[in-house]
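2 protein chains.
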Amino acid sequence: MNETAICPRFEKAVGMLSKRWVSLIVFQLLNGPSRFCALEDSLPNISGRLLSERLKELEQEGIVRREVYPEMPVRIEYSLTDKGRALAPILAEIGTWSSNWL
Amino acid sequence: MNETAICPRFEKAVGMLSKRWVSLIVFQLLNGPSRFCALEDSLPNISGRLLSERLKELEQEGIVRREVYPEMPVRIEYSLTDKGRALAPILAEIGTWSSNWL
DNA sequence: GTAACCTAATTACTTTATGTAAGTAAGTTT
DNA sequence: AAACTTACTTACATAAAGTAATTAGGTTAC
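Residue numbers (the UniProt record's numbering), protein chains in the order written: chain P, 1 to 102; chain E, 1 to 102.
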């Protein structure tokens with residue numbers, strides 16, 4: 001096709017990170033495991049509908065882990081896998097850029 | 001509100017980079033200035049409509065520069081500003097992550 | 001014990017974003 | 001002058017995201 005074609009893995013990564021809320025959800029989970037409603041509160045304008053959808057997608061990608069603690073009442077915690085924590089340098093670079101240029 | 005509120009500049013940066021095509025357009029322009037149709041060809045599934053829209057938005061953000069060369073025929077080139085080139089480390093980290101984890 | 005409350009969703013509906021395809025304007029080549 | 005090229009724009013269809021109400025477990029307050 002053309003000489004400057006983009007690597008499909010890079011393209012996939014960009015596709016994932018370009019989905020709305022994904023970066024911010026990962027950013028919050030870098031602080032440690034979190035419950036659904038805590039994430040909802042820390043991302044002020046996300047709807048429960050999308051938070052639920054995104055967490056499910058991120059779980060399928062192996063970036064987020066969902067754990068159910070059968071306490072009374074039940075507690076469900078979301079946390080990052082190794083693959084998810086490995087996204088930290090990307091978010092750190094976004095932080096650097098934003099403080100230098102925005 | 002809550003202790004884990006997100007920095008608004010960081011949030012803005014994430015918002016920009018989360019818009020579809022933005023990262024890939026910047027990635028292509030890191031190779032050097034490019035014309036509209038060359039960008040269109042290097043991003044196989046983008047429509048002219050959105051490429052035009054995104055370039056206009058990126059120009060307004062000061063990330064992309066549009067230059068008209070009044071040759072015969074006229075040539076219009078898009079390139080990155082310093083602010084745009086400063087995004088390179090973010091894209092490099094995405095590349096690293098994607099080759100390690102995808 | 002029942003009314004109100006909490007968490008983690010799901011469903012129905014509206015609005016916005018994106019995709020597709022055709023059209024336009026200025027100019028070039030055949 | 002008919003066909004082609006570049007850099008768009010416009011009109012319309014489809015997909016994604018936002019909003020709000022509802023549900024299913026269970027808890028606490030009275």
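No residue lacks a Cβ here, since even glycine has one placed at the ideal position from N, Cα and C.
Establish whether the CB of residue i and some CB of chain P are separated by less than 8 Å.
i     : result
E:S47 : no
E:L24 : yes
E:R85 : no
E:L17 : yes
E:K56 : no
For residue i, which three-state DSSP category applies?
i     : result
E:V64 : strand
P:R49 : helix
E:I6  : coil
P:R20 : coil
E:L43 : coil
P:L55 : helix
E:L29 : helix
What residue range is occupied by the uninterrupted beta strand (DSSP E) comprising residue i?
i     : result
P:R75 : 75-80
I'd like to confirm the pairing. Which residues does DSSP put opposite residue i in its beta bridges?
i     : result
E:R35 : E:E77
Do residue j and residue i have their beta-carbon atoms positioned less than 8 Å apart in this structure?
i     : j     : result
E:K83 : P:W21 : no
E:L55 : E:R66 : yes
E:I76 : E:R35 : yes
E:L43 : E:I63 : no
P:A13 : E:S98 : yes
E:Y78 : E:L30 : no
P:I90 : E:F27 : no
What first and last residue would you give for the alpha helix (DSSP H) that runs through residue i?
i     : result
P:P70 : Segment: none, P:P70 is in no alpha helix (DSSP H) and carries neither H nor E.
P:P89 : 88-101
Is residue i close to chain E, meaning its C-beta is less than 8 Å from at least one C-beta of that chain?
i     : result
P:P89 : yes
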